[in-house]
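J.: Supplied in structure tokens, the structure appears directly below.
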Amino acid sequence: MTEPHSTPLPVFDHLLHLSDRRGTFEHALLTEPERSGGYRTDDMARLLVVATRQPDPDGAVNGLAGLAVRYLNDAQSYAGPCRNHMDSKGNWVDQPSLEVWWGRCLWALGTAAAHSSVGLVRRVAVIQFERSGKVRSPSPLAMAYAALGAAEVLSVEPDHAIARALLTAFADSESSAQAPGAAVMAEAMIAAGTTLDRPALCQQGLDLLNGLLDDEVVDRQPAAVAEMSDACTRAAGVDASPKWPDAVRAAAAWFEGANGSGEPMWDSLTGGGFDGLGSEGVDRNQGAMSTLAVLSAMQNAQRFSAVAE
């Protein structure tokens with residue numbers, strides 16, 4: 020078992036720098052927002068998750084949560100499917116669909132409903148969750164994300180019919196454990212199995228996640244490291260094995276330099292995450308997805324470590 024050690028606290032300065040009144044820009048050229056790329060529901064969903072599960076958030080972090088809720092509200096159609104890409108002028112580029120961003124939207128809204136410190140955000144998140152939670156996606160990964168959101172809603176509203184029906188639909192499906200985002204699939208199985216009292220499904224998720232731990236992690240990309248961190252954090256809540264907290268701490272350490280390059284994958288002063296790790300070294304552009312990945316991993320690791328001074 021790895022002894023708890025100091026993990027840096029999340030820093031939101033760069034995330035605030037990437038954001039304007041419409042949303043958080045998807046791309047950056049080094050530290051500067053690349054406005055021409057616009058915004059993505061995928062990123063705004065991750066933003067809402069990170070902002071609402073931050074302990075004792077200040078006004079700036081709560082402001083980011085409000086920004087994300089508004090963006091996701093605009094992304095949703097009345098029928099439930101979601102748009103993904105908004106340009107820098109506020110125009111939607113795509114049509115509503117049930118792709119993975121629909122699932123991430125529900126994941127985020129469920130997380131906000133359960134964890135936001137702002138009552139209005141919690142109430143609005145439930146309303147928006149109900150709008151998109153009535154439909155189903157053919158994508159196993161989209162359904163896994165949606166299931167995570169449903170489990171969060173049920174953690175605070177056990178009788179919520181829409182959330183329970185959505186989570187049950189995922190639990191009853193024959194989702195492919197080999198689909199991209201297997202860590203998310205494992206986490207959703209654990210969440211569904213625990214919430215619906217289906218021990219076999221929970222164990223299936225733990226077994227899948229345990230197999231992923233055996234894979235080499237040194238060359239993973241930021242979002243994949245954050246997904247493993249989330250899944251292992253959930254696993255630690257249902258299984259006492261020390262391997263789960265160890266994996267959460269290892270994910271944070273990856274961003275601090277315990278990776279294939281031996282170099283940090285974030286700017287610890289601003290909280291900006293570097294976009295990728297490849298054969299030519301570190302991609303030092305600091306876009307939204309990588310920045311949210313490092314913040315998420317550091318949040319999780321705080322639960323299993325001494326607080327850094």
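Positions 20 to 328 (the working numbering) are the ones given, in order, by the sequence shown.
Glycine is no exception: its CB is placed at the ideal position from the N, C-alpha and C atoms.
Everything numeric in this text was worked out from a predicted model, so none of it was measured.
(1) DSSP has F293 in a bridge; who is on the other side?
(2) Going by DSSP in three states, F44 sits in which element: helix, strand or coil?
(3) Is the region 105-119 close to the region 133-143, with three or more CB pairs under 8 Å?
(4) For the candidate residues S55, A84, F293, whose alpha-carbon lies nearest to that of T71?
(5) Tell me which residue opens and which closes the beta strand (DSSP E) that G300 is part of.
(6) Suppose you measure from the CA of S309 to the CA of R239; what does that come to, to the nearest Å?
(7) Return the first residue and the last residue of the alpha helix (DSSP H) that G129 is part of.
(8) Look at the Cβ atom of G99, then the Cβ atom of V154, and state whether they are nearer than 8 Å.
(9) Tell me the DSSP secondary structure of P115 in three-state form.
(10) Would you list the one or two residues that DSSP bridges to R59?
(11) Once the 5 residues before and after V301 are set aside, which same chain residues still bring their CB inside 6 Å of it?
(12) Relative to the C-alpha of A201, which candidate in L186, A184, L232, G212 has its C-alpha closest?
(13) For E171, which of helix, strand or coil comes out of DSSP?
(14) Along the chain, which unbroken stretches of the alpha helix (DSSP H) at least 4 residues long are found entirely within the region 182-267?
(15) Compute the Euclidean distance between the alpha carbons of A188 and L49, then round it to the nearest angstrom.
(16) When the distance is taken between beta carbons, is V69 closer than 8 Å to L311?
(17) Whole angstroms is fine: what's the gap from S287's alpha carbon to A205's?
(18) Leaving aside the five residues before and after A190 along the sequence, list all residues of the same chain whose C-beta is less than 7 Å from its C-beta, in chain order.
(19) Along the chain, where does the alpha helix (DSSP H) that runs through H179 open and close?
(20) On the DSSP letters alone, give me the boundaries of the alpha helix (DSSP H) that F148 sits inside.
(21) Does the beta-carbon of A79 have 16 or more other beta-carbons within 10 angstroms, so that it is buried, or is it exposed?
(22) Any beta carbon of chain B sitting closer than 8 Å to that of A250?
(23) To the nearest angstrom, report how far apart A327 and C251 are at their CA atoms.
(24) Can you tell me where the alpha helix (DSSP H) with S309 in it begins and where it stops?
(25) Do S96 and G57 have their C-beta atoms within less than 8 Å of each other?
(26) Can you pull the DSSP bridge partners for Q73?
(27) Measuring CB to CB, does P52 end up less than 8 Å from L37?
(28) Using CA coordinates, which residue listed in M162, S158, F274, N103 is at the minimum distance from G290?
T.: According to the structure data:
(1) F293 has no beta-bridge partner at all, per DSSP.
(2) Strand at F44.
(3) Here the region 105-119 makes no contact with the region 133-143; the two share fewer than three CB pairs at distances below 8 Å.
(4) The option with the nearest alpha carbon to T71 is A84.
(5) Element bounds for G300: 300-302.
(6) Their backbone Cα atoms lie some 12 Å apart in a straight line.
(7) Run containing G129: 119-134, per the alpha helix (DSSP H) assignment.
(8) Going by C-beta atoms, G99 is nearer than 8 Å to V154.
(9) Residue state, collapsed to three classes: coil.
(10) Per the DSSP secondary-structure output, R59 pairs in a beta bridge with H104.
(11) A distance below 6 Å between beta-carbons, with the five flanking residues on each side excluded, links V301 to the following residues of its chain, in chain order: S280, E282, F293.
(12) Checked all of L186, A184, L232, G212; the closest Cα to A201 is L232.
(13) If DSSP states are grouped into helix, strand and coil, E171 belongs with the helices.
(14) You should have 201-214, 218-232, 241-255.
(15) In a straight line, the C-alpha of A188 is about 42 Å away from that of L49.
(16) Result yes, Cβ atoms of L311 and V69 sit closer than 8 Å.
(17) Computed Cα separation, rounded: 30 Å.
(18) Closer than 7 Å at Cβ, skipping near neighbours: A211, L215, R217, L220.
(19) First-last for H179: undefined, no H or E at that position.
(20) 138-151 is the span of the alpha helix (DSSP H), which, as asked, contains F148.
(21) A79 should be labelled exposed.
(22) Judged by its chain identifiers, the structure shown contains no chain B, having just a single protein chain.
(23) In this prediction, A327 scores a pLDDT of 41, lower than 50, which makes its location untrustworthy; the coordinate-derived value is nonetheless stated afterwards. Each residue's alpha carbon lies about 21 Å from the other.
(24) From DSSP, the alpha helix (DSSP H) with S309 extends over 307-321.
(25) In this structure, the beta-carbon distance from S96 to G57 does not fall below 8 Å.
(26) Residue pairing by DSSP leaves Q73 without any beta bridge partner.
(27) Yes, the pair counts as a contact, with Cβ atoms nearer than the cut-off.
(28) For the residues M162, S158, F274, N103, the minimum Cα distance to G290 belongs to F274.
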